[in-house]
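A.B. asks: full-length UniProt numbering numbers the first residue of the sequence shown as 1 and each following residue consecutively.
The beta carbon of each residue, even a glycine, is placed where N, CA and C say it ideally should be.
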Amino acid sequence: MKVVIVGTNHAGIHAANTILDNTDDEVVMIDRNSNLSYLGCGTALWVGRQIDGYEGLFYTKREDFEAKGARILMETAVDSIDFDKKIVHAVTKDGQAIEESYDKLVLATGSKPIAPNLPGKDLEGIHFLKLFQEGQAVDQDMAREEVKTVAVLGAGYIGVEIAEAAARRGKKVILLDAMDTSLSNYYDPEFATLMDENLRAHGIQTQFGEMAQGYEGEGRVEALVTDKGRYEVDMVINAIGFGPNNDLGKDHLELFTNGAYLVNRRQQTSDPDVYAVGDCATVYSNALQDTAYIALASNAVRSGLVAGFNLAGQDVEHVGVQGSNGISIFEQKLVSTGYSVKSAARFGLDVDYVDFEDKQKYPFMPEDENAPVKIRIVFEKGSRRIVGAQLASTYDMSATIHMFSLAIQQKVTIDTLKLTDFFFLPHFNQAHNYITMAALQAK
Ligand SMILES: Cc1cc2nc3c(=O)[nH]c(=O)nc-3n(C[C@H](O)[C@H](O)[C@H](O)COP(=O)(O)OP(=O)(O)OC[C@H]3O[C@@H](n4cnc5c(N)ncnc54)[C@H](O)[C@@H]3O)c2cc1C
Ligand SMILES: NC(=O)c1ccc[n+]([C@@H]2O[C@H](COP(=O)([O-])OP(=O)(O)OC[C@H]3O[C@@H](n4cnc5c(N)ncnc54)[C@H](O)[C@@H]3O)[C@@H](O)[C@H]2O)c1
Numbered sequence: 001m002k003v004v005i006v007g008t009n010h011a012g013i014h015a016a017n018t019i020l021d022n023t024d025d026e027v028v029m030i031d032r033n034s035n036l037s038y039l040g041c042g043t044a045l046w047v048g049r050q051i052d053g054y055e056g057l058f059y060t061k062r063e064d065f066e067a068k069g070a071r072i073l074m075e076t077a078v079d080s081i082d083f084d085k086k087i088v089h090a091v092t093k094d095g096q097a098i099e100e101s102y103d104k105l106v107l108a109t110g111s112k113p114i115a116p117n118l119p120g121k122d123l124e125g126i127h128f129l130k131l132f133q134e135g136q137a138v139d140q141d142m143a144r145e146e147v148k149t150v151a152v153l154g155a156g157y158i159g160v161e162i163a164e165a166a167a168r169r170g171k172k173v174i175l176l177d178a179m180d181t182s183l184s185n186y187y188d189p190e191f192a193t194l195m196d197e198n199l200r201a202h203g204i205q206t207q208f209g210e211m212a213q214g215y216e217g218e219g220r221v222e223a224l225v226t227d228k229g230r231y232e233v234d235m236v237i238n239a240i241g242f243g244p245n246n247d248l249g250k251d252h253l254e255l256f257t258n259g260a261y262l263v264n265r266r267q268q269t270s271d272p273d274v275y276a277v278g279d280c281a282t283v284y285s286n287a288l289q290d291t292a293y294i295a296l297a298s299n300a301v302r303s304g305l306v307a308g309f310n311l312a313g314q315d316v317e318h319v320g321v322q323g324s325n326g327i328s329i330f331e332q333k334l335v336s337t338g339y340s341v342k343s344a345a346r347f348g349l350d351v352d353y354v355d356f357e358d359k360q361k362y363p364f365m366p367e368d369e370n371a372p373v374k375i376r377i378v379f380e381k382g383s384r385r386i387v388g389a390q391l392a393s394t395y396d397m398s399a400t401i402h403m404f405s406l407a408i409q410q411k412v413t414i415d416t417l418k419l420t421d422f423f424f425l426p427h428f429n430q431a432h433n434y435i436t437m438a439a440l441q442a443k
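1. According to DSSP, is Gly243 helix, strand or coil?
2. If the criterion is Cβ atoms closer than 8 Å, does the pair Glu380 and Asp350 meet it?
3. Please check the pair Ser336 and Ile240, which I expect to be a contact at CB under 8 Å, by giving their CB distance rounded to whole angstroms.
4. Is Arg32 a contact residue of ligand 1, with contact defined as CB to any heavy atom under 7 Å?
5. Which term fits Pro244, buried or exposed, when burial requires 16 or more other beta carbons within 10 angstroms of its beta carbon?
6. Beta-carbon separation of Phe208 and Met179 under 8 Å?
7. Quick check for students: name the residue ranges of the beta strand (DSSP E) that lie wholly in the region 113-161, counting only runs of 3 or more.
8. Under the three-state reduction of DSSP, which class applies to Asn286: helix, strand or coil?
9. Terminal residues of the continuous beta strand (DSSP E) containing Pro189?
10. Can you list, in chain order, the stretches of the beta strand (DSSP E) that have 3 or more residues and sit fully within the region 25-58?
11. DSSP three-state label for Tyr275, please.
12. Considering only residues of the same chain and omitting the five flanking positions on each side of Asp396, which have a CB-CB separation below 7 Å?
13. For Phe83 versus Val277, is the C-beta distance shorter than 8 Å?
14. Just the C-alpha distance for Val152 and Gly313, rounded to the nearest angstrom, thanks.
15. In the DSSP assignment, the beta strand (DSSP E) including Tyr231 goes from what residue to what residue?
16. Nearest to Gly125 by alpha carbon, out of Tyr215, Ala44 and Tyr54?
17. Looking at the secondary structure, which residues open and close the beta strand (DSSP E) in which Asn238 lies?
18. Leu123: beta carbon under 7 Å from a heavy atom of ligand 2?
19. Taking 7 Å as the cut-off, does the CB of Phe128 come closer than this to any heavy atom belonging to ligand 2?
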């Protein structure tokens, strides 16, 4: 069998490795970029000089796939697919048109940053932050002496992380968002405002509840204008979310409401010979118990594995996802899974919640290794199954969210959690720990 994979980043890589490790199939991988496996999560760490450089942000290379027998065509853009004849049409970097036939096709074309369609959008100094090359452009622009003020449009994950990086580079940073807090897609205001206070405590100016209306400048951006003000800036980074890159299949495949390729639990699209994985495809949300779109590398990796196993002849169903995520900015850490109270309402879930706050360890433990942890557990009224959790602390409590992720996947109720066995050792936690104490509040 011949499998063609379009897109060789996280999702495509994991599909390819799974097929190559489990079959003798012919695998052809095609990508328009010159690099593969770039961990975008490291861009802010590198731009903010928290790590030495970008070299470690690539975890595999084309030679690794060639060694396993794959053919890999980089800097080759697929421009169309004949789904009836099962032929992929592409153009190499030298402009040569090529064709690849397939028995099975994997679309792993990822996502595109949403581009604000505002006056002045083509001025110099306005950036996006998805590709490695875009990270390099941001890094180089920030190195310029004249760039003193950086505006970041969108206070989601990318925006907050790059705002921290710019502040660490000594820039004055203005972080703007249409919503009233940062990270509003992931956290309720009681948690998001902890991040907002943390950002402000580190000198970042937050302008929330403002809609950008245009960029101004002569050749290069000089100001960002919103419905509430005009901000003089030397550089702008746009980070208002991702949308699925469905260019190749949108006229042939069934799509989700946002344009993502609709896939079943085996990553198969409406065309049984075409699989879609990663940010270009839908996921099954266990919190929602329905199809959803959640662009995360963690989802891309797992969906690639599921498609790979199925193409390798193993019948594997995706268990679904919770959209578990985390962020660590200066000292503040936030992790969440499933839905917040706010996002549950947006998705039509009728929920209740419990809150608790306590120190991670007993107060007799050294102060510098201890800190308060705030937790919220969200559960569905009626079924009482857990559908979300959020934690905030300066202490690294991040691993706790894995348990909540599994709880949502397995439909654990808030009542089960009340008496669930959690180990206790003073070095780590308290006997009446904040998970138990929060769950016990549920009426
Ligand atoms: C700055 C940043 C930080 C992030 N941090 C995190 C994080 O901490 N945790 C997390 O889980 N997620 C994070 N993400 C999200 C994560 O990077 C994405 O969810 C992930 O990259 C999706 O992987 P993918 O393989 O589906 O798609 P992509 O990474 O978008 O890759 C798609 C590939 O397809 C190729 N392609 C597209 N069209 C064509 C075509 N026509 N022909 C040939 N090739 C094509 C592209 O060149 C690309 O290589 C972050 C993203 C960014 C930008
Ligand atoms: N730590 C992580 O897990 C991590 C890090 C980076 C990126 N990612 C993922 O990558 C994807 C893209 O990240 P992102 O930060 O671009 O998206 P996001 O959805 O996290 O945030 C987008 C933000 O832009 C705001 N916004 C939207 N339209 C706006 C407008 N017109 N004006 C002002 N603000 C506007 C939204 O309110 C939101 O806060 C997401 O799926 C994200 O989860 C994850």
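C.D. replies: Working from what's here:
1. strand
2. yes
3. Ser336 to Ile240, Cβ: 20 Å. No contact.
4. Within the cutoff, so yes.
5. buried
6. Contact annotation: Phe208 and Met179 have beta-carbon atoms nearer than 8 Å.
7. 149-153
8. coil
9. Counting along the chain, Pro189 falls outside any beta strand (DSSP E), though it belongs to the alpha helix (DSSP H) covering Pro189 to Ala201.
10. 26-30
11. strand
12. Lys333
13. no
14. Approximately 46 Å between the Cα atoms of the pair.
15. If you look at Tyr231, you'll find it in the beta strand (DSSP E) that goes Arg230 to Glu232.
16. Tyr215
17. Met235 to Asn238
18. no
19. no
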